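In the working numbering, the protein residues as written are 15 to 126.
No residue lacks a Cβ here, since even glycine has one placed at the ideal position from N, Cα and C.
Since this is a predicted model, take the numbers as computed values, not measurements.
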């Protein structure tokens, strides 16, 4: 049992741990997760991933539009490269990690 099909309007994934290697399935936002998230979303629902790792965000966005099985499910919110950059923290996405990164001088956030 998980969430009922088509029962959720939005799924937010904030700062997931990127995989250790490109294409690895051993991380949260893999193909199985993207398929499961699509199944629970209501028609017109959204999945938003926010990360401080540009390469990871770009990889997830690229994968969602390039793999035929996923591209049939997902409609990108942004034009190519299918993610956007925020130069300062998003008020709705603050966390202890966000504060830690800010203290170290990191300010960019990526969203797809």
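Sequence-distant residues of the same chain with beta carbon closer than 8 Å to residue i, five excluded per side
i          : result
residue 90 : 75, 78, 79, 96, 126
residue 84 : 45, 48, 49, 77, 78
residue 25 : 51, 54, 55, 59, 60, 61, 62
Limits of the unbroken beta strand (DSSP E) element including residue i
i          : result
residue 81 : Segment: none, residue 81 is in no beta strand (DSSP E) and carries neither H nor E.
residue 23 : 22-28
residue 61 : 55-65
Neighbour-count burial assignment, residue i, 16 or more Cβ in a 10 Å radius
i           : result
residue 32  : buried
residue 73  : buried
residue 123 : buried
residue 65  : buried
residue 55  : buried
residue 19  : exposed
residue 63  : buried
residue 114 : exposed
residue 61  : buried
In DSSP terms, what residue i is bridged to
i           : result
residue 74  : Residue 74 pairs with nothing; no bridge assigned.
residue 123 : 100
Residues of its chain near residue i, where Cβ-Cβ distance is below 6 Å and the 5 sequence neighbours each way are ignored
i          : result
residue 87 : 52
residue 92 : 98
residue 71 : 65, 97, 124, 126
residue 42 : 30
Chain-order list of residues whose beta-carbon lies under 7 Å from that of residue i (same chain, five-residue window excluded)
i          : result
residue 22 : 54, 55, 56, 59
Any non-hydrogen atom of the ligand NAP within 8 Å of residue i CB
i          : result
residue 95 : Absence of the ligand NAP is noted for the structure shown, with no ligands found whatsoever.
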